[in-house]
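A.B. asks: Per my numbering, residue 126 is the first one in the sequence shown, and the count goes up by one each step.
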Amino acid sequence: MAKRYDNELKVTIVELLQSGIKAKQISEDYGVAPSLISRWKKDYEAKSGDFSKKRELTKEEQELKALRKELRDVKMERDILKKAVSIFSKSDH
Numbered sequence: 126m127a128k129r130y131d132n133e134l135k136v137t138i139v140e141l142l143q144s145g146i147k148a149k150q151i152s153e154d155y156g157v158a159p160s161l162i163s164r165w166k167k168d169y170e171a172k173s174g175d176f177s178k179k180r181e182l183t184k185e186e187q188e189l190k191a192l193r194k195e196l197r198d199v200k201m202e203r204d205i206l207k208k209a210v211s212i213f214s215k216s217d218h
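1) Would you identify the three-state DSSP class for I146, choosing helix, strand or coil?
2) Between A191 and R203, what straight-line distance do the alpha-carbon atoms span, to the nearest angstrom?
3) Along the chain, where does the alpha helix (DSSP H) containing E170 start, and where does it finish?
4) If you draw a straight line from the C-alpha of D131 to the C-alpha of A209, how long is it?
5) Taking only three categories from DSSP, how would you classify E186?
6) Does E202 come out as helix, strand or coil in the three-state DSSP assignment?
7) Check Y155 in the structure and name its three-state DSSP category.
8) Quick one: is V199 buried, meaning 16 or more other Cβ sit within 10 Å of its Cβ, or exposed?
Right under this line is the structure:
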């Protein structure tokens with residue numbers, strides 16, 4: 126299982142790297158692979174210093190996500206109405 130690092134540690138390591146400390150030294154001090162440090166630096170720069178943000182979704186991806194949520198909600202409403210109809214039709218007899 127891969128080890129997970131919190132966002133605070135990632136930011137600290139990238140800021141140390143930007144302050145001029147060599148990646149090799151940071152790697153030894155924190156026990157983090159140099160390749161991870163390099164990846165974190167790229168992510169940090171791409172996301173303006175915030176690791177908690179996920180990548181920006183395209184318009185199409187945002188629309189697809191919204192449509193999937195709407196479909197899920199409509200199915201739930203439909204199922205609730207089916208149960209309600211079933212309950213009320215039983216009480217009429």
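Glycine is no exception: its CB is placed at the ideal position from the N, C-alpha and C atoms.
C.D. replies: A quick look at the data gives this:
1) Taking the sequence shown and counting its residues from 1, one reaches residue 146 at position 21. Coil.
2) Position 66 of the sequence shown, counted from the first residue, corresponds to residue 191. Position 78 of the sequence shown, counted from the first residue, corresponds to residue 203. A191 and R203: Cα-Cα distance of roughly 18 Å.
3) Residue numbering aside, residue 170 sits at position 45 when the sequence shown is read from its first letter. Taken as a continuous stretch (DSSP letters only), the alpha helix (DSSP H) holding E170 covers P159 to A171.
4) By one-based count along the sequence shown, residue 131 stands at place 6. By one-based count along the sequence shown, residue 209 stands at place 84. The straight-line gap from Cα to Cα measures roughly 46 Å.
5) Translated into positions along the sequence shown, residue 186 becomes position 61. The answer is helix: DSSP assigns E186 an H, G or I state.
6) If you number the sequence shown from 1, residue 202 lands on position 77. In the structure shown, E202 sits in a helix (DSSP, three-state: H, G or I).
7) One-based indexing of the sequence shown puts residue 155 at position 30. Helix, per DSSP.
8) Sequence index remark: in the sequence shown, residue 199 carries index 74 (1-based). Exposed, because fewer than 16 other Cβ atoms sit within 10 Å of the Cβ of V199.
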